[in-house]
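Student: Would you mind keeping the following structure in view while I ask a few things?
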Amino acid sequence: DIQLTQSPSSLSAVVGDRVTITCRAGQTVRGYLNWYQHKPGKAPSLLIYGASQLYRGVPSRFSGSESGTVFTLTITALQPEDFATYYCQQGLSDVTFGGGTKVEVK
Amino acid sequence: QVYLVQSGAEVKKPGASVKLSCKASGYPFTSYVIQWVRQAPGETFETVGWINGDSGNANSAQKFRGRVTITRDTSASTMYMELSSLRSEDTAVYYCARIGVCGSYPCLDYWGQGTLVTVSS
Chain A
12 DIQLTQSPSS LSAVVGDRVT ITCRAGQTVR GYLNWYQHKP GKAPSLLIYG ASQLYRGVPS
72 RFSGSESGTV FTLTITALQP EDFATYYCQQ GLSDVTFGGG TKVEVK
Chain B
376 QVYLVQSGAE VKKPGASVKL SCKASGYPFT SYVIQWVRQA PGETFETVGW INGDSGNANS
436 AQKFRGRVTI TRDTSASTMY MELSSLRSED TAVYYCARIG VCGSYPCLDY WGQGTLVTVS
496 S
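What follows is the structure, given as structure tokens:
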């Protein structure tokens, strides 16, 4: 299995902050990296696919980037509805997820 | 609109089996693969297995081989996931999710609402 290591595991922020989450893959995933948002009691929702492509309907304050095996999810100007847990997921070889990053209110 | 509607919560004793369902609507049922993943309390998501809606070919993650059976009923547009020999560590929320194609990449674009399975004596 391809291992994905997310950091940090949690962070505290206020509305308006710029938030950056990192996902490191144990080997190349050739851009087959997606990001999801998950809120308690709800199904996860897709934010970013192919490392940097914004899924339809997702606000443009979300963006993704890739540098080798390191992937980044950035939220510019955090909004109240963005407090949630974020997961990266690779789809090159089966499906595995990172450990998650919980974005909490500071 | 695409929907994946899962069956309700289950409480099982250790050693028992549980069979969950995932009914699809709003898209050609046989055109997509459905992934089953689970999330134990405080943990990340973990793949249980998957099934091709067209061929019915199914597979499971190595960890679950021998304990999980994934099937489909095309006439009912429904997928099933049965997990046997349950233990407390199987307590989790189980999700079905559609593997869509986003650009040229596979993505989990639609998810069921999740089914809580509690294993307790």
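Chains as they are written, first to last, in the numbering used here: chain A, 12 to 117; chain B, 376 to 496. All C-beta atoms in this analysis are idealised placements derived from N, C-alpha and C, irrespective of residue type, glycine included.
Tell me which same chain residues have a C-beta within less than 8 Å of the C-beta of B/CYS477, skipping the five on either side of it?
Tutor: ASP484.
Student: Report the option in B/SER400, B/GLN437, B/VAL408 and B/GLU421 whose CA atom is closest to the CA atom of B/GLY431.
Tutor: Ranking B/SER400, B/GLN437, B/VAL408 and B/GLU421 by Cα distance to B/GLY431 puts B/VAL408 first.
Student: On a CA-only basis, which of A/GLN90, A/PHE94, A/SER71 and A/SER104 is nearest A/GLY111? Give me that one, please.
Tutor: A/PHE94
Student: Could you tell me which uninterrupted beta strand (DSSP E) segments, each at least 3 residues in length, are contained entirely in the region 15-49 of chain A, listed from first to last along the chain?
Tutor: Taking only runs of at least 3 residues, the beta strand (DSSP E) segments lying wholly in the region 15-49 of chain A are 15-18, 21-24, 30-36 and 44-49.
Student: With a CB to CB cut of under 6 Å and the five nearest residues on each side skipped, what residues in its chain are close to B/SER435?
Tutor: GLY424 and VAL443
Student: List the residues of chain A whose Cβ lies closer than 8 Å to the Cβ of B/THR490, in chain order.
Tutor: Chain A residues near B/THR490: none, gap ~11 Å exceeds 8 Å.
Student: Quick one: what's got a C-beta closer than 8 Å to B/ALA384's C-beta in the same chain, skipping five residues either side?
Tutor: THR490, LEU491, VAL492 and THR493
Student: Where do the ends of the beta strand (DSSP E) carrying B/THR444 lie?
Tutor: That run of the beta strand (DSSP E) goes 443-448.
Student: If the cut-off is 7 Å on Cβ atoms, which residues from the region 49-80 of chain A count as contacting chain B, listed in chain order?
Tutor: The region 49-80 of chain A vs chain B, Cβ under 7 Å: ALA54, PRO55, LEU57, TYR60, GLY61, GLN64 and TYR66.
Student: Using DSSP's beta-bridge definition, name the partner residues of A/ALA54.
Tutor: Answer by DSSP bridge pairing: none, since A/ALA54 is not bridged.
Student: Beta-carbon separation of A/VAL26 and A/PRO91 under 7 Å?
Tutor: yes
Student: On the three-pair Cβ rule with 8 Å, is the region 74-91 of chain A touching the region 378-395 of chain B?
Tutor: no
Student: Taking the continuous beta strand (DSSP E) assigned at A/PRO70, which residues delimit it?
Tutor: Neither: A/PRO70 is in no beta strand (DSSP E) and is coded neither H nor E.
Student: Hey, would you say B/ALA472 sits closer than 7 Å to B/ARG413, going by beta carbons?
Tutor: no
Student: Which residues, taken in chain order from the region 91-110 of chain A, show a beta carbon closer than 8 Å to some beta carbon of chain B?
Tutor: Listed in sequence order: TYR98, GLN100, GLY102, ASP105, VAL106, THR107, PHE108, GLY109 and GLY110.
Student: Which two residues bound the contiguous beta strand (DSSP E) that contains A/THR85?
Tutor: 81-86
Student: Which stretch, first to last residue, makes up the beta strand (DSSP E) that contains B/LEU379?
Tutor: For B/LEU379, the enclosing beta strand (DSSP E) covers residues 378-381.
Student: Thinking C-beta only, is A/GLU77 closer than 7 Å to A/ALA62?
Tutor: yes
Student: Tell me, please, whether the CB atom of B/PHE439 is closer than 7 Å to any CB atom in chain A?
Tutor: no
Student: Taking B/LEU483 as the query, report the chain A residues whose CB atoms sit under 9 Å from its CB, ordered along the chain.
Tutor: ASN45, TYR47, PRO55, LEU57, GLN100, GLY102 and VAL106
Student: Using C-beta distances below 6 Å, list every residue in its chain close to B/GLN376, excluding the 5 sequence neighbours before and after it, in chain order.
Tutor: GLY401
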